[in-house]
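2 protein chains.
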Amino acid sequence: MSSINFKHDLFAQFARVAKALANANRLQLLEFLAQGERSVDALAKVSGLSVANTSQHLQQLRQSGLVASRRQGVTIFYRLCDDDVVALLGMLRRVAEQRLAEVDRLVTSYLTVKDSLEPIAARELLTRAREGLVTVLDVRPAEEYSAGHLPGAVNIPLDELERRFEDLDRGQEVVAYCRGPHCVLAFEAVAQLRERGLRARRLESGFPEWKQAGLPVEG
Amino acid sequence: MSSINFKHDLFAQFARVAKALANANRLQLLEFLAQGERSVDALAKVSGLSVANTSQHLQQLRQSGLVASRRQGVTIFYRLCDDDVVALLGMLRRVAEQRLAEVDRLVTSYLTVKDSLEPIAARELLTRAREGLVTVLDVRPAEEYSAGHLPGAVNIPLDELERRFEDLDRGQEVVAYCRGPHCVLAFEAVAQLRERGLRARRLESGFPEWKQAGLPVEG
DNA sequence: TTATTATTCAATAGATCTATTGAATAATAG
DNA sequence: CTATTATTCAATAGATCTATTGAATAATAA
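Here it is as structure tokens:
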């Protein structure tokens, strides 16, 4: 066996992992899985793909060693293999953001007023939350919240925010977070709360990044 | 603003970067570029690809924002965009190594050369060496060799092997040994010899174990 | 047992990727 | 100017990837 072939074979294996990441739908599935384990059905619903297609993408991810699965009765739950996968996704995102002007264009055109919403950094939030200075608001769906959330976070899914915003302490600043830095839920929440006159900002990152950074998690 | 489309578009951009990584040849090019900037021609030579093919891969990498280029006279030099790219490659490698049994298999089979190059046991080597069926090769430094070695062993320290491998009988199988079962010298020697087309295996153990087992020693 | 539910499998058309070929371009030397 | 060298472009066949379809499987309930 020549070392040339060995190297090529080895790179081919690395490429297999990259190939698994090289599809927008699979990246989206991975983002959802970064929140916690999910059934095929739930992933299909949330990603808008057919169940069969979702299943096939998940199997591809499993073959590349990025996700694992377990059966519970008739349902099969998928999860990320470990935190390195979150870190890898983070690096990919970072390089893409830095290097692709297109990403910038997308973010600004959709999320608008990026700067005026001044995101708060994770550690700063942790400090201020411990001092009781802010209300931490989780705007993800209830299932995602119960799978794990920031310490002391209140859960009001975005679609309930309108009728439940009175649950929030008007005198305190609210920091909203959702799935990740490009998840629009938190942006929306902040916009709504500000319309109601509350002081609101969003967390710079999302729950997966928080967890991956080794910061405390609840639930 | 359809947030679904926004998300999908954004993930599609991330996927573009992953796609650039999703090919063994491009990963190899990136590895070379991690050492410093290189001309297209140099990259083609070292990767074994045609110049046109190399050029096309490099352009793909450039479009994904992973590499940049500059012209100097008639030559165009490519380089990695920044250190984040190196970090991304590192994460990719790490996840692949951790998660893909195949990588493990490749690495071990390259180093131990699994089937055809299973290590040979001490007593078997003794028998076959006495029958003159194998060349016993000691790849330790000369001082260690002269302090004691296997009967009839030839001493070619590993760092001299490349220029002295013609000293070996190409028609005969070579069995290399070094300091012990965890010493890499013999692994390397076997790999080098096999690249040159010789039949080569390594001794299961090393000289100390051989001696300790009470087998005959010379010098 | 049969029915139901969640998931996977298998086949397939259309899209995308890859390596190859030979021609085109761009900088420089003579 | 022409010739040379390094690189890129364009076209293409064959391989691989994607989403869809409908059937198969596996666990559970009736």
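Protein chains in written order, with our numbering: chain B, 2 to 220; chain E, 2 to 220.
Positions of the beta carbon are idealized from the N, C-alpha and C atoms, including for glycine.
Below-8 Å beta-carbon distance, residue i vs any chain E residue
i, result
"Val-8/B", "For clarity, residue 8/B is Lys in the given sequence; the question names Val instead. Yes, its Cβ sits closer than 8 Å to a Cβ of chain E."
"Asp-85/B", "yes"
"Val-114/B", "Confidence at Val-114/B is low in this model, with a pLDDT of 45, below 50, so the placement of that residue is unreliable and no value is reported for it."
"Leu-81/B", "no"
"Leu-223/B", "Residue 223/B lies beyond the residue range present for chain B, which begins at 2 and ends at 220; the question has no answer from this structure."
Residue range of the alpha helix (DSSP H) that includes residue i
i, result
"Gln-173/B", "Gln-173/B -> no alpha helix (DSSP H), and no H or E assigned at all."
"Ala-187/B", "185 to 196"
"Arg-27/B", "25 to 34"
"Ser-56/E", "52 to 64"
"Asp-160/E", "159 to 165"
First and last residue of the uninterrupted beta strand (DSSP E) at residue i
i, result
"Asp-139/E", "135 to 139"
"Ala-143/E", "Where Ala-143/E is concerned, there is no enclosing beta strand (DSSP E), although the alpha helix (DSSP H) it sits in stretches over 143 to 147."
One or two residues paired with residue i in a DSSP bridge
i, result
"Gln-73/B", "Thr-76/B"
"Ser-40/B", "Phe-78/B"
"Ile-121/B", "Leu-204/B"
"Glu-219/B", "His-150/B"
"Val-155/B", "Leu-138/B"
"Val-68/E", "Leu-81/E"
Neighbour flag for residue i against chain B, beta carbons, 8 Å
i, result
"Ala-16/E", "yes"
"Ala-13/E", "yes"
"Val-1/E", "Nothing about residue 1/E can be read from this structure; chain E reaches only from 2 to 220."
"Ala-88/E", "yes"
"Gln-99/E", "yes"
"Ala-201/E", "no"
Any non-hydrogen atom of the ligand COA within 7 Å of residue i CB
i, result
"Ala-19/E", "With respect to the ligand COA, the structure shown offers nothing to examine, as it has no ligands at all."
Residue i, buried or exposed, once every other Cβ within 10 Å from all chains shown has been counted against 16
i, result
"Arg-164/B", "exposed"
"Lys-115/E", "For Lys-115/E, the predicted structure reports a pLDDT of 42, less than 50, and the residue's modelled location is therefore unreliable. A value from the coordinates is still provided. Its Cβ having fewer than 16 others within 10 Å, Lys-115/E is exposed."
"Ala-201/B", "buried"
"Asn-24/B", "buried"
"Arg-71/E", "exposed"
"Val-171/E", "Reading off the sequence shown, one finds Arg at residue 171/E, where the question assumed Val. Result: exposed."
"Ala-187/E", "buried"
"Leu-90/E", "buried"
"Gln-29/B", "buried"
"Asp-139/E", "buried"
"Leu-134/E", "exposed"
"Ser-147/E", "exposed"
"Thr-136/B", "buried"
"Gly-215/B", "exposed"
"Glu-189/B", "buried"
"Gly-207/B", "buried"
Against chain E: residues of the stretch 170 to 186 of chain B by CB proximity under 7 Å
The residues in question are His-183 and Val-185.
Would you list, in chain order, the members of the stretch 31 to 61 of chain B that have their beta-carbon closer than 9 Å to a beta-carbon of chain E?
Here the close residues are Glu-32 and Gly-49.
Determine which residues of the stretch 19 to 31 of chain E have a Cβ less than 7 Å from any Cβ of chain B, and write them out in chain order.
Across the stretch 19 to 31 of chain E, CB contacts with chain B closer than 7 Å involve Ala-19, Lys-20, Leu-22, Ala-23, Asn-24, Ala-25, Leu-28 and Gln-29, in sequence order along the chain.
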